[in-house]
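Respectively, the protein sequence lines represent chains A and B. Residues 131 to 471 in this note's numbering are what the first sequence spells out, letter by letter. Residues 131 to 471 in this note's numbering are what the second sequence spells out, letter by letter. We treat Cβ as the ideally placed atom computed from N, Cα and C, and that holds for glycine. This structure is a prediction, so every number in the text was calculated from the model and none was measured. The structure appears below as structure tokens.
Number of protein chains: 2
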Amino acid sequence: MTEMTNGQWRLRSRPVGMVKESDFELVREPIPEVGDGQVHVRNLYFAFEPAMRGWLDDVPSYIPPVGIGEVMRASTVGEVVSSRHPGFTEGQLVSGMLGWQEHVVTDGAPGPMGGLNPVPDGVSPELMLSALGATGLTAYYGMTDVGGVKEGDHVLVSGAAGATGSVAAQIARLHGAAKVVGIAGGPRKCAWLTEEAGLDAAIDYKSENLLDRLSEEFPDGISLFFDNVGGPVLDDALLRMAWFSRVVLCGGISAYNEEELPPGPRNYMQIVIRRLTVKGFILIDYLAQAQKAIGDISGWVAEGKLAHAEDVQVGFEKAPQTLLRLFEGKNLGKQLLKIAD
Amino acid sequence: MTEMTNGQWRLRSRPVGMVKESDFELVREPIPEVGDGQVHVRNLYFAFEPAMRGWLDDVPSYIPPVGIGEVMRASTVGEVVSSRHPGFTEGQLVSGMLGWQEHVVTDGAPGPMGGLNPVPDGVSPELMLSALGATGLTAYYGMTDVGGVKEGDHVLVSGAAGATGSVAAQIARLHGAAKVVGIAGGPRKCAWLTEEAGLDAAIDYKSENLLDRLSEEFPDGISLFFDNVGGPVLDDALLRMAWFSRVVLCGGISAYNEEELPPGPRNYMQIVIRRLTVKGFILIDYLAQAQKAIGDISGWVAEGKLAHAEDVQVGFEKAPQTLLRLFEGKNLGKQLLKIAD
Chain A
131 MTEMTNGQWR
141 LRSRPVGMVK
151 ESDFELVREP
161 IPEVGDGQVH
171 VRNLYFAFEP
181 AMRGWLDDVP
191 SYIPPVGIGE
201 VMRASTVGEV
211 VSSRHPGFTE
221 GQLVSGMLGW
231 QEHVVTDGAP
241 GPMGGLNPVP
251 DGVSPELMLS
261 ALGATGLTAY
271 YGMTDVGGVK
281 EGDHVLVSGA
291 AGATGSVAAQ
301 IARLHGAAKV
311 VGIAGGPRKC
321 AWLTEEAGLD
331 AAIDYKSENL
341 LDRLSEEFPD
351 GISLFFDNVG
361 GPVLDDALLR
371 MAWFSRVVLC
381 GGISAYNEEE
391 LPPGPRNYMQ
401 IVIRRLTVKG
411 FILIDYLAQA
421 QKAIGDISGW
431 VAEGKLAHAE
441 DVQVGFEKAP
451 QTLLRLFEGK
461 NLGKQLLKIA
471 D
Chain B
131 MTEMTNGQWR
141 LRSRPVGMVK
151 ESDFELVREP
161 IPEVGDGQVH
171 VRNLYFAFEP
181 AMRGWLDDVP
191 SYIPPVGIGE
201 VMRASTVGEV
211 VSSRHPGFTE
221 GQLVSGMLGW
231 QEHVVTDGAP
241 GPMGGLNPVP
251 DGVSPELMLS
261 ALGATGLTAY
271 YGMTDVGGVK
281 EGDHVLVSGA
291 AGATGSVAAQ
301 IARLHGAAKV
311 VGIAGGPRKC
321 AWLTEEAGLD
331 AAIDYKSENL
341 LDRLSEEFPD
351 GISLFFDNVG
361 GPVLDDALLR
371 MAWFSRVVLC
381 GGISAYNEEE
391 LPPGPRNYMQ
401 IVIRRLTVKG
411 FILIDYLAQA
421 QKAIGDISGW
431 VAEGKLAHAE
441 DVQVGFEKAP
451 QTLLRLFEGK
461 NLGKQLLKIA
471 D
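Next comes the structure, spelled out in structure tokens:
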């Protein structure tokens, strides 16, 4: 072993408002012995997603918050260094909720967010954590099971250049939606959506009037809105929904770092007037059937039908600041951090 | 004919904020001749409902607004004075969207809110406009088709002493809900809910802490919330919904008279965390199947299983001020105005 200690980023304090680097602390501890039935994994990549901000608040949610002093929860891909577990072999690539640490010794048992899984042959760590990771699977089940996307739909996706939105929008296209429009911030992201991801149009919420652009793109209304942003974006979209249409609430990144919850969508009575169905969902309810999504998404990627993008930062010491990139809107596609070769 | 003229309450100006009596004007005009295929109806009762406030605003909605100078739109029950229409006979009681006027000459053709219908034998005008009227039918389809109420549900209804809420809550009870709790304002309404309408509990939002009381009444969460109020009531209920539960948005009386739309529910991300389904609906989509609801509700009333209450004011000149009673929370059950014997 070249590393004698395990670097860990632990939660030092609960963030108030915008999460800060100082909310985490870097500590080192010895690498535990590998017991019978255990496997020692060296992490190579960390994955970042907006939902991680929610895991830092001590409020009732779909999973308990990360405790003060605990290693920050995150999806990772790593390599098996040694194994006394019948399911894993040395040198194998694996993925799981292994957290912001260089090494982990685990029995691989599934927690509420899944267990330790082999990375399939031919799948890169980047792809495993992006289109085949939690955000890709969220997009898949949100657009299909929850949203019921179907041929002829007029689909709007917010946060469309993010890891979830970019996959969701393309899944709508692959299901025969008549029109797919994405909302993103800035010309680089918007160009990627139309040129690489094959969307019909992209709306730059930073430089365009969203309500006007929605009227132009959806003269007969939006039949399915997949929302990752909430706040003013949701408010505007509610005024442009078609009668009897559907809203999938996937997330609300616009408010994740607010010190106090901002007001909700003032146009919510449009849900009544337009007879909308609004559904929320969480990926963990679909993990048992994840193989279906992984099979479909892998196929689309292999056939060149689904573009995926990753923003790869480098260096274990950058974990907290890489998380911040999500809330600064810097990432195009999946935000990753490479911590070892 | 004893009356030589027809009194009409017409919309004088669009209300700004709280609707005022001066937004309407009383005019008199001659009663038109009864043409071939027409029927002359003398109105006896006007019905009032919160949705009428929405009909006064010139914004896109499920029906066009009442125009300035037009007779105020309202459900009524009247008596046929003379008929040259094969479907109606002199002396018959009829119900329809005949508006705030003493007399109307009409061909009875259905508009978007239904046509002219005979009041069934044995049904009083009051019952026809309350449990069998638009608010009763709204309660029926909202609780059954939209909410999918079923045995064992833990049901919360806001505006529960109103015309829609009181019927909705009892329909939940009649479908075998394990618990039905209503929210209302003041001890008189709350006593009616538990003593007359057979609810398991009533919460007085004016004197009790709603969030605390919801925790007490729903230790395992609300499985179905039927909301007529919106605003802070919706916000609190969102924090007490069970996982995978349903919210039926029927109305939002808390904001109908606000000059500017107030903020929406700040807890709306609970829709995601709790995997809620939120549905809006409008009765007009169910009018074609209304006979089913009328049959069921009539049966329950006849068997003494469904209590109904009406607040009957008297005098044609009181139409605008009777509308205001809804927004002052004065009515227990259906707000009616008797304008003739």
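- Per the coordinates, the alpha-carbon of A:Ser-260 lies some 8 Å from the alpha-carbon of A:Ala-439.
- Remark: three or more beta-carbon pairs, one from each stretch, lie closer than 8 Å, so the segment 235-247 of chain B and the segment 163-172 of chain B are flagged as touching.
- Chain-ordered listing is empty here: chain B has no CB closer than 9 Å to the CB of A:Val-249, the nearest sitting near 29 Å.
- Distances from the CA of B:Lys-460 to each of B:Met-202, B:Glu-200, B:Asp-283, B:Lys-319 were compared; the closest alpha carbon is that of B:Lys-319.
- In this structure the segment 430-447 of chain B touches the segment 293-307 of chain B; the number of beta carbon pairs closer than 8 Å is three or more.
- If you draw a straight line from the Cα of B:Gly-328 to the Cα of B:Trp-373, it comes to about 27 Å.
- Around the beta carbon of A:Ile-198, a 10 Å sphere encloses fewer than 16 other beta carbons of the protein chains shown; the residue is thus reported as exposed.
- The Cβ of A:Ile-383 sits no closer than 8 Å to any Cβ of chain B.
- At the C-beta level, B:Gly-221 and B:Leu-246 stay beyond 8 Å of one another.
- For B:Thr-274, no chain A residue has a C-beta closer than 8 Å to its own C-beta; the minimum C-beta separation is roughly 16 Å.
- Residues of the segment 359-385 of chain B that bring their beta carbon within less than 8 Å of a beta carbon in chain A comprise Gly-360, Asp-365, Leu-379, Cys-380, Gly-381, Gly-382, Ala-385, in sequence order.
- In this structure, the straight-line span from the alpha carbon of A:Leu-354 to that of A:Leu-286 is close to 6 Å.
- B:Pro-180 and A:Arg-376 have their C-alpha atoms roughly 26 Å apart.
- Comparing alpha-carbon positions, the option among A:Thr-206, A:Glu-346, A:Gln-443 lying closest to A:Met-258 turns out to be A:Thr-206.
- Around the beta carbon of B:Lys-280, fewer than 16 other beta carbons lie within 10 angstroms, which makes this residue exposed.
- Taking all protein chains in view, the Cβ of B:Asp-471 is surrounded by fewer than 16 other Cβ atoms within 10 Å, so the residue is classified as exposed.
- Per DSSP, reduced to three states, the secondary structure at B:Ser-205 is coil, with no helix or strand assignment.
- In the structure shown, the three-state DSSP call for B:Ala-423 is helix.
- DSSP places B:Ser-353 within a strand segment (E or B) once states are collapsed to three.
- Cα atoms of B:Gly-292 and A:Trp-322: separation of roughly 53 Å, rounded to the nearest angstrom.
- In terms of beta-carbon proximity, A:Val-146 stays away from the interface with chain B, with every pair separated by 8 Å or more.
- Under the Cβ distance rule, B:Thr-407 counts among the residues neighbouring chain A, one pair being separated by less than 8 Å.
- Ranked by Cα distance from B:Gln-421, the options B:Tyr-270, B:Met-182, B:Trp-230 are led by B:Tyr-270.
- For A:Ser-384, the closest C-alpha among the options A:Leu-364, A:Trp-185, A:Asn-173 is that of A:Leu-364.
- Look at B:Trp-139 here: in three-state DSSP terms it is strand.
- The C-beta of B:Leu-341 has fewer than 16 other C-beta atoms within 10 Å across all chains shown, which makes the residue exposed.
- In terms of beta-carbon proximity, B:Met-399 lines the interface with chain A, with at least one pair separated by less than 8 Å.
- In the three-state scheme derived from DSSP, where H, G and I count as helix and E and B as strand, A:Tyr-175 is classed as strand.
- Contact annotation, B:Pro-362 with A:Gly-394: C-beta distance approximately 11 Å; criterion of less than 8 Å not satisfied.
- Within the segment 192-211 of chain B, Tyr-192 place their CB atoms closer than 9 Å to a CB of chain A, listed in sequence order.
- Between the alpha carbons of B:Leu-391 and A:Leu-462 lies a distance of about 35 Å.
- With its beta carbon less than 8 Å from one in chain A, B:Asp-415 belongs to the interface.
- With a threshold of 8 Å between beta carbons, B:Val-402 makes contact with chain A.
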